[in-house]
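For what it's worth, the UniProt record's numbering labels the leading residue of the sequence shown as 1, then goes sequentially.
Okay, structure first, notes after.
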Amino acid sequence: MALYSETVMDHFRNPRNVGVIEDADGVGEVGNAKCGDIMKIYLKIKDDIIEDVKFETFGCGSAIASSSMATEMIKGKPLSEALGLTNKAVAQALDGLPAHKLHCSVLAEEAIKLAIQDYYEKTGADYDKSQFPACDSCDHGCCHGH
Ligand code: FES
Numbered sequence: 001m002a003l004y005s006e007t008v009m010d011h012f013r014n015p016r017n018v019g020v021i022e023d024a025d026g027v028g029e030v031g032n033a034k035c036g037d038i039m040k041i042y043l044k045i046k047d048d049i050i051e052d053v054k055f056e057t058f059g060c061g062s063a064i065a066s067s068s069m070a071t072e073m074i075k076g077k078p079l080s081e082a083l084g085l086t087n088k089a090v091a092q093a094l095d096g097l098p099a100h101k102l103h104c105s106v107l108a109e110e111a112i113k114l115a116i117q118d119y120y121e122k123t124g125a126d127y128d129k130s131q132f133p134a135c136d137s138c139d140h141g142c143c144h145g146h
């Protein structure tokens, strides 16, 4: 059996939503200290809907495929739905990732959450901080002072 599904290969070869949103409403960046990969997500938000999303991923193929799939899954969706996106759902939508590559999809979940948190912080929204990854328990070294 091939290590990577056709869907993973498709999103790796033709990633959707690659790029930068210059006037993004929220930006989230995470890194994994162990593999050194970095993912950045940009969101354009209007009326609590994700109107546009772009990503830059300096990382492995699974991280690129996960960013591509995750951005497709949250585009046009309300923030509440995007916040509920789990790395498992991303991996499932990719028709699976090898076990030792599941952490790559975690980057996508966390980068999206941080981008939404950034938006809430910028707009001064009153939000539930417990919905977001707690920086003090994280070993990614990615917090940038959050
Ligand atoms: Fe680092 Fe995939 S190996 S994100």
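Idealized CB from N, CA, C, for every residue including glycine.
*Kindly identify the DSSP beta-bridge partner or partners of THR57.*
As a working mapping, residue 57 is identified with position 57 in the sequence shown. Paired residues: MET39.
*Please state if the CB of ILE116 and the CB of LEU3 are separated by a distance shorter than 8 Å.*
In the sequence shown, the residue the question calls residue 3 occupies position 3. In the sequence shown, the residue the question calls residue 116 occupies position 116. Their beta carbons are not under 8 Å apart, which means LEU3 does not touch ILE116 by this criterion.
*Determine the direct distance from the alpha carbon of MET73 to that of ALA82, and round the result to whole angstroms.*
Here residue 82 refers to the residue found at position 82 when the sequence shown is read from its first residue. Here residue 73 refers to the residue found at position 73 when the sequence shown is read from its first residue. Rounded to the nearest angstrom, the gap between the Cα atoms of ALA82 and MET73 is 8 Å.
*Keeping to the same chain, check which residues put their C-beta closer than 6 Å to that of ASP95; ignore five residues upstream and five downstream.*
For the purposes of this step, residue 95 is taken as the residue at position 95 of the sequence shown. Same-chain partners within the cutoff: SER5 and THR7.
_So, with DSSP's three-state summary, where would you put ILE64?_
Working through the sequence shown from its first residue, we reach residue 64 at position 64. When DSSP states are grouped into helix, strand and coil, ILE64 belongs to the helix group.
*From the DSSP output, in three-state form, read off VAL20 for me.*
Sequence index remark: in the sequence shown, residue 20 carries index 20 (1-based). Note: VAL20 maps to coil in three-state DSSP.
*Of the choices GLU110, LYS46 and VAL20, whose alpha-carbon is the least far from that of ALA63?*
As a working mapping, residue 63 is identified with position 63 in the sequence shown. Checked all of GLU110, LYS46 and VAL20; the closest Cα to ALA63 is GLU110.
*If you check the beta carbons only, do ASP37 and PHE58 fall under 8 Å apart?*
Taking the sequence shown and counting its residues from 1, the one referred to as residue 37 is at position 37. Taking the sequence shown and counting its residues from 1, the one referred to as residue 58 is at position 58. Yes. Within cutoff.
*Exposed or buried, which one is ASN14 when buried takes at least 16 other CB atoms within 10 Å?*
Within the sequence shown, numbered from 1, the residue matching residue 14 stands at position 14. Classification for ASN14: exposed.
*When the Cα of SER105 is compared with those of ASN32, VAL18, ILE21 and ASP10, which residue comes out closest?*
To locate residue 105, count along the sequence shown from 1; it is residue 105. It is ASN32.
*In chain order, what residues of the same chain lie with their CB nearer than 7 Å to the CB of ALA91, ignoring the 5 residues before and after it?*
Position 91 of the sequence shown holds residue 91. Contacts found: LEU97, LEU102 and SER105.
*Between GLU22 and LYS54, what straight-line distance do the alpha-carbon atoms span, to the nearest angstrom?*
Stepping through the sequence shown from its first residue, residue 22 is reached at position 22. Stepping through the sequence shown from its first residue, residue 54 is reached at position 54. Whole-angstrom Cα-Cα distance: 10 Å.
*Should GLY26 and ASP118 be called a contact, given that it needs their Cβ atoms to be closer than 8 Å?*
Here the question's residue 26 lines up with position 26 in the sequence shown. Here the question's residue 118 lines up with position 118 in the sequence shown. Pairing GLY26 with ASP118 gives a Cβ-Cβ distance under 8 Å.
*Note the first and the last residue of the continuous beta strand (DSSP E) segment covering GLY28.*
The residue given as residue 28 occupies position 28 in the sequence shown. First-last of the beta strand (DSSP E) with GLY28: 26-31.
*Return yes when the C-beta of HIS11 is under 7 Å from any heavy atom of the ligand FES, and no when it is not.*
As a working note, residue 11 is residue 11 in the sequence shown. No, the beta carbon of HIS11 sits no closer than 7 Å to any heavy atom of the ligand FES.
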